[in-house]
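Beneath this line is the structure, given in structure tokens, with notes to follow.
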Amino acid sequence: MTKKACELIIDHQPFKFNVEGEFFWGENKLLFKEQDNVISKMSWKEVGYDIVEAFQENQFLNLKTSIKKNIINAFKLNNIEFDENTFTLDKYHEVINSDALHNKVIDVTRNLENSDFDFDIDSLVEKFGNILGYKLTSWVEELKKSHIQIRISRPNSLDINPPHRDGYLSYWKDIINVWIPIEGCNDKASLPVLPGSHLIPENQILRTESKGAKINGNIYYVPCILETSEGVIKMMRPKINYGQALIFSPYLIHGAAVNQNEDITRISLELRFPRA
Ligand SMILES: [Fe+2]
Numbered sequence: 000m001t002k003k004a005c006e007l008i009i010d011h012q013p014f015k016f017n018v019e020g021e022f023f024w025g026e027n028k029l030l031f032k033e034q035d036n037v038i039s040k041m042s043w044k045e046v047g048y049d050i051v052e053a054f055q056e057n058q059f060l061n062l063k064t065s066i067k068k069n070i071i072n073a074f075k076l077n078n079i080e081f082d083e084n085t086f087t088l089d090k091y092h093e094v095i096n097s098d099a100l101h102n103k104v105i106d107v108t109r110n111l112e113n114s115d116f117d118f119d120i121d122s123l124v125e126k127f128g129n130i131l132g133y134k135l136t137s138w139v140e141e142l143k144k145s146h147i148q149i150r151i152s153r154p155n156s157l158d159i160n161p162p163h164r165d166g167y168l169s170y171w172k173d174i175i176n177v178w179i180p181i182e183g184c185n186d187k188a189s190l191p192v193l194p195g196s197h198l199i200p201e202n203q204i205l206r207t208e209s210k211g212a213k214i215n216g217n218i219y220y221v222p223c224i225l226e227t228s229e230g231v232i233k234m235m236r237p238k239i240n241y242g243q244a245l246i247f248s249p250y251l252i253h254g255a256a257v258n259q260n261e262d263i264t265r266i267s268l269e270l271r272f273p274r275a
């Protein structure tokens, strides 16, 4: 594998990390279907993402509590020492103080299902389906399960996936991506996107194959997009509040959600809803 520096601009600030992989430019082809895709009825279809209301205050607090329960469960499964009475999500990095421990926790939190959470996923499916004007489901047929993933990013860490498009993976081709802020998701830590990037054809994208990029020792399922024909990727973090969700096309370039807070762990929830 070739070692490269992935250089990005996030909200006008340069950011750089090392990535290993084999990189190539694609064919002269646009993967995003211009007609009848899940965002094609939206006024924001050229931008590729929007911020929508997702939860009332009490619903959000219940969701946050059940996320905390799942993380505590992952601590217990791995016999990690912590004080259950004083533990708060934003101080996760004080309990989990090494990459090895963190990897044990995310082995549990990356593969959760609807039944692990105290929230009504079907009402969210319906709400977003009504917004988009398409019937959605939480069931991913190719994987034979729903997809709910807690994302945890410690301060001053490389707990990030590379800039990527989920739509490169066959089971994420016809879905709406949902990103929900839970803790520490401020302007230094929430998810960066490249607006309008779902409209970039493959011959203008330099990337790896799926499972072809390694960052900080971890191999990612999604391909790493290193740059476009316009050069360094210039991302921005959309402003989002708790109780809202960022919804976006699976072809929108996103990721590299580095947590630039000094002392707050960032937690978010990722869902994906295929068209029914
Ligand atoms: Fe993604």
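Residue 207 in numbering that gives the first Met the number 0 is what sits at position 208 of the sequence shown, and the numbering runs on without skipping anything. The beta carbon of each residue, even a glycine, is placed where N, CA and C say it ideally should be.
Give me whichever residues DSSP pairs with residue i in a beta bridge.
i	result
phenylalanine 272	Ile175
lysine 233	Ile8
valine 51	Ala244
tryptophan 138	Ser145
serine 267	Arg150 and Pro180
proline 13	Ile8
tryptophan 24	Leu205
glutamate 19	Lys2 and Lys213
valine 192	Met235 and His253
Could you give the first and the last residue of the continuous beta strand (DSSP E) run that contains residue i?
i	result
glutamine 243	243-247
lysine 213	212-214
tyrosine 219	217-219
isoleucine 204	204-206
Since I believe residue j is in contact with residue i (beta carbons under 8 Å), could you give me their beta-carbon distance rounded to a whole number of angstroms?
i	j	result
threonine 64	alanine 275	About 29 Å separates the two Cβ atoms, so there is no contact after all.
isoleucine 105	isoleucine 151	6 Å
isoleucine 204	isoleucine 224	6 Å
isoleucine 159	valine 257	5 Å
isoleucine 147	phenylalanine 127	The pair is not a contact, with the Cβ atoms about 15 Å apart (cut-off 8 Å).
Please state whether the Cβ-Cβ distance between residue i and residue j is less than 7 Å.
i	j	result
methionine 191	alanine 255	Per the sequence presented here, residue 191 reads as proline, with methionine not at that position. Contact: yes.
valine 37	leucine 131	yes
leucine 88	glutamate 226	no
histidine 197	phenylalanine 31	yes
methionine 277	glutamate 19	As shown, the chain starts at 0 and ends at 275. That puts residue 277 outside it, with no answer to give.
proline 200	leucine 29	yes
tyrosine 241	phenylalanine 59	yes
alanine 244	alanine 53	yes
isoleucine 79	leucine 268	no
asparagine 215	leucine 157	yes
Looking at the secondary structure, which residues open and close the alpha helix (DSSP H) in which residue i lies?
i	result
asparagine 77	Looking at the DSSP string, asparagine 77 is not in any alpha helix (DSSP H), and its letter there is neither H nor E.
glutamate 226	Looking at the DSSP string, glutamate 226 is not in any alpha helix (DSSP H); the run it does join, the beta strand (DSSP E), is 224-227.
tyrosine 91	91-94
alanine 99	98-108
leucine 123	120-131
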